[in-house]
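Residue numbers (the UniProt record's numbering): 1 to 199. All residues carry an ideal CB built from backbone N, CA and C; glycine is no exception. Predicted model, so just to flag it, every value in this text is computed and none were measured. Written out below as structure tokens is the structure these notes cover.
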Ligand code: GLN
């Protein structure tokens, strides 16, 4: 697939590397024209307030909205999730509402700004960096992974969101889920790297 990575600010390079390693073409997206012919899109982590300003400056909101509305797969991680959530607090911030979740920013507190963990369900590695927490999920949102009982990987239709940074682990499952060709639900048994399903 031809996957765009919004490349205004934040962790876009590493996402491009992972996308390539999974056999996709990676396109850095910085203008409206860059949205053409994309099959999927990644909204990376970083600083969501800065990203929002840059989206406004480069007039990309309509392109993003159209992409989401077209049903094409979007993977939004951390700050990306904050951009696409229904509502955002701590502090409050405008968001696009591509997925019916309410998130609080920087919500693990200063003591544990950044940390690594495993999902409750299995061996999915999680890297949190000043991560948001998903405080509410709408009824059409599937929770694909949790940490300490809280949703950390969620999906509604074509929009898959992680509160963590999947690009910083060597685990491709999140990408496979987001850019799957089948509509299989859930994390398929956390098969080891390289085993089974291709992206
Ligand atoms: N704390 C950042 C924000 O509010 C998100 C952090 C991240 O993307 N790693 O935008």
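With DSSP as the reference, label residue i as helix, strand or coil.
i: residue 192; result: Residue placement at residue 192 is flagged as unreliable, the pLDDT there being 31, under the threshold of 50; a coordinate-derived value is accordingly withheld.
i: residue 73; result: coil
i: residue 116; result: strand
i: residue 26; result: strand
i: residue 199; result: In this predicted model, residue 199 has a pLDDT of only 37, less than 50, meaning its place in the structure is not dependable enough to derive any value.
With residue i as the anchor, note down where its beta strand (DSSP E) starts and where it stops.
i: residue 50; result: Residue 50 -> not in any beta strand (DSSP E); alpha helix (DSSP H) instead, spanning 48–57.
i: residue 147; result: 142–147
i: residue 2; result: 2–6
i: residue 128; result: 125–129
i: residue 136; result: 133–137
What residue does the alpha helix (DSSP H) around residue i start on, and which one ends it?
i: residue 15; result: 12–21
i: residue 176; result: 173–178
Which same chain residues, not among the five before or five after residue i, have their C-beta less than 6 Å away from its C-beta?
i: residue 172; result: 22
i: residue 159; result: 74, 98, 99
i: residue 85; result: 95, 101, 103
For residue i versus residue j, is the C-beta spacing smaller than 8 Å?
i: residue 144; j: residue 135; result: no
i: residue 40; j: residue 11; result: no
i: residue 101; j: residue 141; result: yes
i: residue 127; j: residue 60; result: no
i: residue 212; j: residue 89; result: The question about residue 212 has no answer, for the chain in this structure spans 1 to 199.
i: residue 93; j: residue 52; result: yes
i: residue 132; j: residue 80; result: no
i: residue 164; j: residue 78; result: yes
i: residue 137; j: residue 125; result: no
i: residue 175; j: residue 18; result: yes
Opposite residue i in the DSSP bridges: which residues?
i: residue 161; result: 76, 154
i: residue 84; result: None; residue 84 has no bridge partner.
i: residue 41; result: 4, 74
i: residue 89; result: 104
Beta-carbon within less than 7 Å of residue i's beta-carbon, same chain only, minus the 5 sequence neighbours each way: which residues are those?
i: residue 34; result: 4, 27
Can you find a C-beta in chain D that's less than 8 Å from the C-beta of residue i?
i: residue 2; result: As a matter of chain content, chain D is missing from the structure shown, which is built from one protein chain.
For residue i, which residues in the same chain have their Cβ closer than 8 Å to its Cβ, ignoring the five residues on either side in sequence?
i: residue 192; result: For residue 192, the predicted model reports a pLDDT of 31, less than 50, meaning its position is unreliable; a value from the coordinates is still stated below. Correct list: empty, nothing qualifies.
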